[in-house]
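First the structure, in the form of structure tokens, and then the observations on it.
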Amino acid sequence: MSLAKRIIPCLDVDQGRVVKGVNFVGIRDAGDPIEIARRYNDAGADEITFLDITASHEQRDTTYRTVEQIASQVFIPLTVGGGVRAVTDIRRLLNAGADKVSINTAAIFNPDLVRESAERFGSQCIVVAMDVKALDDGSGRYELFTHGGRKPTGIEAIEWAQKMADFGAGEILLTSMDRDGTKDGYDLPITRAISDAVDIPVIASGGVGTLDHLVAGFTEGGADAVLAASIFHFGTYTVAEVKAHLAQSGIAIRA
Amino acid sequence: MTQTVAVIDYGMGNLHSVESALREAGASDVVVTADAKAILAADRIVFPGVGAIRDCLAEFRRLGCDTTLRLAVDRGTPVLGICVGMQSLMARSDENGGVDCLGYFDGTVTRFPRNHSDADGTKLKVPHMGWNQVAQSQNHPLWDGIADNAYFYFVHSFFLPKAESDYVAGSFNYGIKGSAAIAKGSVFATQFHPEKSHDNGLKLLANFLTWDGTC
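These protein sequence lines map, in sequence, to chains Z and V. Numbering follows the numbering used here, in which position 67 of the first sequence is assigned residue number 67; successive positions increment by one, without gaps. Numbering follows the numbering used here, in which position 71 of the second sequence is assigned residue number 71; successive positions increment by one, without gaps.
Listed below in structure tokens is the structure:
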């Protein structure tokens, strides 16, 4: 008996519509986040992450409605991230039915947001998302970036992860901006380094292309969960196929 | 006969998920309330909880829910505690520097150790977050149709060590054994979140909705 490693499909949602679409057999509306979330729920996903990429803050009422609808039909944990700036945003998302809220850029500009929200709502619902890139100076160091990997922050990744854990984050969502979209596999060295450096769970993200990449995320990367978008959305693999492969590789999963 | 379920709302977080899951499990009438009359009029009661236990209990008591719950339990109304709701039913918790709880069960809630690891030295993260197996140790009506060692969703840093008490209905193993569920009389409580535990959780909620409060 042990804690199962988690498989987390991620939906990118813009104004209530899933972007990139989803390739499921018999799906009525490939852009409907509610139908897609329910499919993943039924398929055996362990959690669902919903990344809101709606540019305008004013249009976010749609986001709250979508979260409410997903939460009333999906009975596995739901994480919502994207555009979270203040404690009031977190409260609204939790009240709409999110189980966890992921904070990214706002944590960099205002680290106390993490501390304050963890104290107010509990660490269990505060995820800190980190977008990192390897420095090309041969130092082996990684730096935190914002704006989809375009803007460096000068913040070293491992120190940041430790600081966020100290501030009360309950989990870290680590995305390699070098690997994101490449299908070359997770950046294993930084995943391992951060997983070893903190006591809270780490979710590996960015770069999955094959089933063995997922295995490596757990075995070599030491991740507690793996996040994937395109391999699921485009129907490359089903959640069941992923879980069967992980089980064969000796990874504890929820059957 | 219409059965009413009261979900105790003492202002500590979102109860939308619990309410939705109860409806999915077959509840036709769910009220989310702190009102004593409404709670006592219900056929069964859910005591959810999330966040820090000191704040939870302070609000619970301030709203008089402790007295209401005591009256309901004395009448034999079926009660389901969830997560911090379960921990609140214990005698004491070490969280927040030590808190006296409601005392329905003996035992003290404690934190997973710092630098927690498995028997083979594998580092174990805290919170205990994710799906773990529950070994059933009682033949309780709420386990009907749920396989032994089925997976449920947990998220917590504090836990009730698995004492060899009669009231432990199920346990989990996370480097150390903990109580996943406890039961006594008309009270059943889980450390895991049935409302987030997919089919197994919905089955447990469905069992709760038809349970008469006896074992």
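No residue lacks a Cβ here, since even glycine has one placed at the ideal position from N, Cα and C. Given the structure is predicted, the values throughout are model-derived calculations rather than measurements.
### Query
Does the beta carbon of S137/V sit closer than 9 Å to a beta carbon anywhere in chain Z?
No, S137/V does not count as interfacial toward chain Z.
### Query
Between D178/Z and T33/V, what straight-line distance do the alpha-carbon atoms span, to the nearest angstrom?
Between the C-alpha atoms of D178/Z and T33/V there is a straight-line separation of about 49 Å.
### Query
Between C10/Z and chain V, is there a C-beta pair that is closer than 9 Å?
no
### Query
If you draw a straight line from the C-alpha of S179/V to the C-alpha of D74/V, how long is it?
24 Å
#### Entry: Where the stretch 78 to 107 of chain Z meets chain V: residues whose CB sits under 7 Å from a CB there
The residues in question are L94, N95, G97 and D99.
### Task
With DSSP collapsed to three states, give me the class of Y153/V.
strand
### Query
For the stretch 122 to 146 of chain Z, which segments carrying the beta strand (DSSP E) assignment without a break, of at least 3 residues, lie completely within its bounds, in sequence order?
126 to 134 and 142 to 146
### Query
Are the stretch 88 to 95 of chain V and the stretch 142 to 151 of chain V in contact at 8 Å, needing three or more beta carbon pairs?
no
### Message
List, in chain order, every chain V residue whose beta-carbon is nearer than 7 Å to that of P111/Z.
### Response
The contacting residues do not exist; P111/Z stays about 20 Å from chain V at best.
### Query
Can you name the start and end residues of the beta strand (DSSP E) that S197/V belongs to?
Here S197/V belongs to no beta strand (DSSP E), and DSSP marks it neither H nor E.
### Task
Look at G130/V and R6/Z and say whether their C-beta atoms are less than 9 Å apart.
yes
### Query
Nearest-angstrom Cα distance between Q3/V and L40/V?
13 Å
### Query
Would you say V84/V touches the ligand SAH, meaning its beta carbon is less than 8 Å from a heavy atom?
Ligands are entirely absent from the displayed structure, and the ligand SAH is therefore not among its contents.
### Neighbour list for R192/Z in chain V, Cβ cutoff strictly below 7 Å
Going along chain V, no residue has its Cβ under 7 Å from R192/Z, so there is no contact; the nearest lies around 11 Å.
### Query
What are the residues that DSSP puts in a beta bridge with R123/V?
Rather than Arg, the amino acid found at residue 123/V in this sequence is Lys. The partner list for K123/V (beta bridge, DSSP) reads S117/V.
### Query
When the distance is taken between beta carbons, is D224/Z closer than 9 Å to K125/V?
yes
### Task
Starting from the Cα of L51/Z, find the closest Cα among A129/Z, T191/Z and H245/Z and give me that residue.
L51/Z has its Cα closest to that of A129/Z, out of A129/Z, T191/Z and H245/Z.
### Task
Return the CA-CA distance between T49/Z and T67/V, expressed in angstroms with no decimal places.
39 Å
### Task
Please decide whether A240/Z counts as near chain V, where near means a Cβ-Cβ distance under 9 Å.
no
#### Entry: Validate contact between the stretch 149 to 159 of chain Z and the stretch 200 to 208 of chain Z using beta carbons, cut 8 Å, 3 pairs
Counting Cβ pairs under 8 Å, fewer than three are found: no touch.
### Query
Under a CB-based cut-off of 9 Å, is G207/Z close to chain V?
no
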